[in-house]
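Student:
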Amino acid sequence: MVRRRRLQFNSGKRKRFDPRKMGHEGRNLEDRVAQILANLWHQGEITRFECFAPNSKEDREGKDFLVVINVNGVELEYYFGVTISKKAHEKSSKKHSEIPNLHIPCWSNDEFIGNAILSSARFTAMVPTPV
230 MVRRRRLQFN SGKRKRFDPR KMGHEGRNLE DRVAQILANL WHQGEITRFE
280 CFAPNSKEDR EGKDFLVVIN VNGVELEYYF GVTISKKAHE KSSKKHSEIP
330 NLHIPCWSND EFIGNAILSS ARFTAMVPTP V
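Residue numbers (the numbering used here): 230 to 360.
#1: Helix, strand or coil for Gly-310, going by three-state DSSP, please let me know.
#2: Are Val-262 and Val-297 closer than 9 Å when you measure CB to CB?
#3: Taking Phe-294 as the reference, give the member of Glu-254, Ser-326, Glu-306 with the closest Cα.
#4: Assuming Ile-313 and Glu-254 form a contact by the criterion Cβ under 8 Å, report the distance between their Cβ atoms to the nearest whole angstrom.
#5: For His-318, report the span of its alpha helix (DSSP H) as first-last.
#6: Whole-angstrom Cβ separation of Gln-286 and Tyr-308, contact assumed at under 8 Å?
#7: Determine whether the beta carbon atoms of Ile-328 and Leu-258 lie at a separation below 9 Å.
#8: One question on the structure: do Trp-270 and Phe-278 come within less than 9 Å of each other, judged by their Cβ atoms?
#9: Provide the residue(s) that pair with His-332 in DSSP beta bridges, ordered along the chain.
#10: Using DSSP bridges, identify the partner residues of Arg-261.
#11: With H, G and I counted as helix, E and B as strand and the rest as coil, what does DSSP make of Glu-254?
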């Protein structure tokens, strides 16, 4: 009888969750999104944008960014948040259900992130608001 050896990718050690590292990665993502928004502004895809500081009033409301887009001659404001964690995304979606929260994994490229922001903003602009 031949015993097959199981491959262990993490050499038997359990990976521990480090909230400081995740927080650092989240801040890096927010900086990347700000740079992507600046590029979209230079390309003329968006009219203007604003980044809200961590722990600001807007940030506590789930708003990390404000993007203003022009749809048929009308400027529309689009607030959204970003997160790298699926668990944080679910928590934020429940807590701030009226504010879109984009789940963006760390390994996403800039083109994907820019397209996700633009498509989400344009979709939100198409949805009629109840009176």
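Quick reminder that beta carbons are idealized off the backbone N, C-alpha and C, glycines included.
Tutor: Here's the rundown:
#1: One-based indexing of the sequence shown puts residue 310 at position 81. Gly-310: strand per DSSP, three-state reduction.
#2: Here residue 262 is taken as the residue at index 33 of the sequence shown, counted from 1. Here residue 297 is taken as the residue at index 68 of the sequence shown, counted from 1. No, Cβ-Cβ distance for Val-262 and Val-297 is not below 9 Å.
#3: Translated into positions along the sequence shown, residue 294 becomes position 65. Here the closest residue by C-alpha is Glu-306.
#4: Here residue 313 corresponds to residue number 84 of the sequence shown, with the count starting at 1. Here residue 254 corresponds to residue number 25 of the sequence shown, with the count starting at 1. The Cβ separation is near 6 Å, so the contact holds.
#5: By one-based count along the sequence shown, residue 318 stands at place 89. Note, His-318: alpha helix (DSSP H), 315 to 324.
#6: Working through the sequence shown from its first residue, we reach residue 286 at position 57. Working through the sequence shown from its first residue, we reach residue 308 at position 79. Here residue 286 is Lys; the residue named in the question, Gln, does not match the sequence. At roughly 12 Å, the Cβ-Cβ gap does not stay under 8 Å, so Lys-286 and Tyr-308 are not in contact.
#7: As a position in the sequence shown, residue 328 is number 99, starting the count at 1. As a position in the sequence shown, residue 258 is number 29, starting the count at 1. No; because the gap between Cβ atoms is not below 9 Å, this pair is not in contact.
#8: In the sequence shown, counting from the first residue as 1, residue 270 sits at position 41. In the sequence shown, counting from the first residue as 1, residue 278 sits at position 49. Yes; because the gap between Cβ atoms is below 9 Å, this pair is in contact.
#9: Locating residue 332 in the sequence shown gives position 103, counting from the first residue. Answer by DSSP bridge pairing, in chain order: Thr-312.
#10: To locate residue 261, count along the sequence shown from 1; it is residue 32. Bridge partners of Arg-261: none, in fact.
#11: In the sequence shown, residue 254 corresponds to position 25, counting from 1. Glu-254 falls in the helix class under three-state DSSP.
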